[in-house]
Amino acid sequence: MKRFSKTLNGDDPSKYSDSGTRNALRDPDRNPGLSPMRVMGIFIACLILFSVLFSINVVLRDPPSDAVHEASKNRVLEVEPRKSSVDQFLDPVEVPKDKLLGGLLATGFDEGSCVSRYQSASYRKEMLHEPSSYLLSRLRSYEALHKRCGPNTESYKKAVEQLKSGRHPTSLDCNYVVWISYSGLGNRILTLASAFLYALLTNRVLLVDPGVDMVDLFCEPFLEASWFLPMDFPLKNQFGSLNQKSPHCYGEMVRKSNLTNTDQSLLSSFVYLHLSHDYNDQDKLFFCNQDQDFLEKIPWLIVRTDNYFVPSLFLIPSFEQELGNLFPRKETVFHFLGRYLFHPTNVVWGLITRYYQAYLAKADERIGIQIRVFDTGTGPFQHVFDQILSCALKENLLPETNGQDLIFTPSGTSKSKAVLITSLSSGYFEKLRDMYWEHPTVTGEVIGIYQPSHEEYQQTEKHAHNRKAWAEMYLLSLTDVLITSSWSTFGYVAQSLGGLTPWILYKPENRTAPDPACKQAMSMEPCFHAPPFYDCKAKTGVDTGALVPHVRHCEDMSWGLKLIDRSDEF
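So in the numbering used here, spot 158 of the sequence shown is number 140, and the numbers just go up one at a time.
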């Protein structure tokens, strides 16, 4: 209508007629010889001619409405291609100012192939700790090494040929540590970070056994070079049979040969490192300096572990200075390595972002409660719920409810809290939800209780189960406050990724809620559940949790080790 009105008002109708018609329209009384009927005929003819010309003008200047719609749609498509169903979660998030996490992440990746890599910063608060410049430099150097020595490179092919021959090579451009996919998802994430740090310390290239679902869960972390072990790797079919009795197992080699770092005859093309929870005293010699001297000469190290063994790396003298340069703050090891290595694939990122935006984004505060019950029998257990509630209330993480008044009207604006519960059982979620639904809070706060899934039991080998597990770990890491269960690697991953110092629920005994119910952790670092207790120099047993100030026993497992920072150091 605006365009039509503009045309009528802005264009002189007289330009569409001849001079006679123009004179007649301007002053009809100038030609007294014209009859009224003739004047009327000329006037009608002019109107018809004007209408035709105007219509032609409008059509040529402006397409029909459906053409306008198509043209507009085409213009939008040129600027912003239509998103697939996986990419719909992109819309509500602003591009972060520091999507590279203080230089932790490299530039140059195809952002669409792994949206979470650069978008994840939009869902988190700013990092409390900055990675050291030395760590950033070493990561860039490692990326160059991985690009030069990774799968399908000439160096890799040469190393594989040497491995096939079974002979120890005189020299190789590249050495490798191969991580075997093993145990539950939380354990795999922690052990993979441990293996990467070891590779960084020893100038090796890390190659990852894809297992059944690693490709489905995690993006490639290195530019232009895969970290996944090729399917035709010559030892891949032996992974399942490698154990402590295998002739290539380091512990077995030590036991049979009493080897020293000068035994050149014992050098082979590869060594299997058994660092699982059931490893023996010979296997544990991996953490001794002189044994590292021997392993340095082996081109291929194959590692199976379900332990976050990083704390014991800090007790190896030859690594001490390098680790100090990499991590001036000891408690940031997994926080930085986890944010660097583990980026959810697009399908998992969709699960994370859709849930976050639907249930957590608008809350004033987000509280995570991670529940892992090791008791046998069918839950939920009342003593576990009582312990969770006691911890949340006594530490002022959640408000008390008012059992007397049915309605409570706060004086000001109500604060909202979103509580994210992760558990194999739905019972704890239902109890807490009903409690805050049936009674108002004494503070007037509005409490929302949410649980993404309840799988009932752990299903490690199922893709859908592990997608949800990875999504829930990540969602917990996006909360502001976190309560975790003792001994749970699921909780360790969440707290360290999020940079959170959690409240740890003590492990119940005799199905009784402990008092106190929980304790705040010393640091955000995970716990090493099965560390060695051995003094490599003195060749005797020792409390490895009392050797250096930054390695201490865990809050939830008295014999475990974890990294901390002394408050007087900063």
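C-beta: ideal position from N, C-alpha, C; glycine also.
Near the ligand ATP: residue i beta-carbon under 7 Å from a heavy atom
| i | result |
| --- | --- |
| A528 | Summarising the ligand content, the structure contains no ligands, and the ligand ATP is consequently not present. |
First through last residue of the beta strand (DSSP E) which encompasses residue i
| i | result |
| --- | --- |
| G480 | Run containing G480: none in the beta strand (DSSP E); it sits in the alpha helix (DSSP H), 471 to 480. |
| K501 | 500 to 502 |
| G430 | 428 to 432 |
| L118 | Looking at the DSSP string, L118 is not in any beta strand (DSSP E); the run it does join, the alpha helix (DSSP H), is 115 to 131. |
| W282 | 282 to 286 |
| R398 | Note that residue 398 corresponds to Ser in the displayed sequence, not to Arg. Looking at the DSSP string, the run of the beta strand (DSSP E) that includes S398 is 398 to 404. |
| L188 | 187 to 190 |
| V194 | It is not in any beta strand (DSSP E) - V194 carries neither H nor E in the DSSP assignment. |
| L255 | 252 to 256 |
Proximal residues to residue i (C-beta, below 7 Å), its chain only, five neighbours per side dropped
| i | result |
| --- | --- |
| V142 | P216 |
| R237 | Q264 |
| K227 | E234 |
| G148 | S251 |
| H553 | Here the chain has residues from -17 to 552 only, and residue 553 is not among them. |
| V77 | With a pLDDT of 48 at V77, under the threshold of 50, the predicted position of this residue should be treated as unreliable, though the coordinate-derived value follows. There are no such residues. |
| C554 | Outside the modelled stretch of the chain, which goes from -17 to 552, sits residue 554, for which no answer is possible. |
| Y124 | L182 |
| L375 | E382 |
| A495 | H365, D368, Q369, S372 |
Residue from the options with nearest C-alpha to residue i
| i | options | result |
| --- | --- | --- |
| H150 | F91, E278, P299 | E278 |
| T383 | L211, L145, L414 | L414 |
| D275 | W419, L183, Y100 | L183 |
| E112 | R354, K312, I334 | K312 |
| I131 | S258, E206, L83, G94 | Looking at the sequence shown, residue 131 is not Ile but Cys. With distances taken between Cα atoms, C131 lies closest to E206. |
| N169 | G320, Y516, Y418, A495 | G320 |
| L257 | E108, Q220, V475, T173 | T173 |
| A175 | H325, K397, R354 | H325 |
| E511 | Y474, D517, S405 | In the sequence as displayed, the identity of residue 511 is His instead of Glu. Per the Cα distances, Y474. |
| T395 | L380, L379, V428, Q364 | V428 |
| C201 | G94, I389, K129 | G94 |
| G527 | P293, E507, L460 | P293 |
Range of the contiguous alpha helix (DSSP H) that encloses residue i
| i | result |
| --- | --- |
| G168 | 167 to 184 |
| F411 | 409 to 420 |
| Y158 | No alpha helix (DSSP H) contains Y158, which is instead part of the beta strand (DSSP E) from 158 to 161. |
| S294 | 292 to 295 |
| V142 | 136 to 147 |
| D275 | 271 to 277 |
For residue j and residue i, believed in contact at Cβ under 8 Å, the rounded distance
| i | j | result |
| --- | --- | --- |
| G409 | L110 | Contact flag wrong, Cβ pair sits at about 35 Å. |
| W331 | V97 | 6 Å |
| D462 | S505 | Wrong, their Cβ atoms sit about 18 Å apart, outside the cutoff. |
| D191 | V159 | Actually they do not touch by this definition, with Cβ atoms about 11 Å apart. |
| W209 | L188 | 6 Å |
| S478 | F291 | Between F291 and S478 the Cβ distance is about 15 Å, and since that is not below 8 Å, they are no contact. |
| E347 | K399 | 5 Å |
Simplified DSSP assignment, three categories, for residue i
| i | result |
| --- | --- |
| I353 | coil |
| E93 | helix |
| Q311 | One point to set straight first is that residue 311 is Arg, not Gln, in the sequence displayed. In this structure, R311 counts as coil in the three-state DSSP scheme. |
| T461 | coil |
| T425 | coil |
| N243 | Because N243 sits at a pLDDT of 46, beneath the cut-off of 50, its placement in the model cannot be relied upon, and the point is left open. |
| C536 | coil |
| I370 | helix |
| S98 | helix |
| E569 | Within the shown structure, residues of the chain are numbered from -17 to 552, placing residue 569 beyond reach of any answer. |
| I334 | helix |
| L568 | Here the chain comprises residues numbered -17 to 552, so residue 568 is not present and cannot be evaluated. |
| P299 | helix |
| T526 | helix |
| S467 | strand |
| E304 | helix |
| E382 | coil |
| E454 | helix |
| D214 | coil |
| Y341 | helix |
| E347 | strand |
Other residues of its chain near residue i: CB distance less than 6 Å, five sequence neighbours each side excluded
| i | result |
| --- | --- |
| C536 | C509, G542, K544 |
| V58 | Because V58 carries a pLDDT of 31, less than 50, the predicted location of this residue cannot be relied on, and no value is offered for it. |
| D48 | Here the model assigns D48 a pLDDT of 35, short of 50, so the residue's position is not dependable, and the following value carries that caveat. The answer is none, since no qualifying residue turns up. |
| H445 | D195, D198 |
| V40 | In this prediction, V40 scores a pLDDT of 39, lower than 50, which makes its location untrustworthy; the coordinate-derived value is nonetheless stated afterwards. Hits under 6 Å: none found. |
| L154 | A141, P281 |
| L118 | G85 |
| P434 | Y337, E454 |
Beta-carbon proximity list for residue i, same chain, < 8 Å, skipping 5 on both sides
| i | result |
| --- | --- |
| V75 | Annotation note: pLDDT 48 at V75 (below 50); position unreliable, coordinate value reported separately. If we look at V75 and ignore the five residues flanking it on each side, its Cβ neighbours are Q101, S104, Y105, T335. |
| H532 | F296, K312, L545, I546, D547, R548 |
| F309 | S114, L117, V315, F318 |
| F91 | R99, Y100, L205 |
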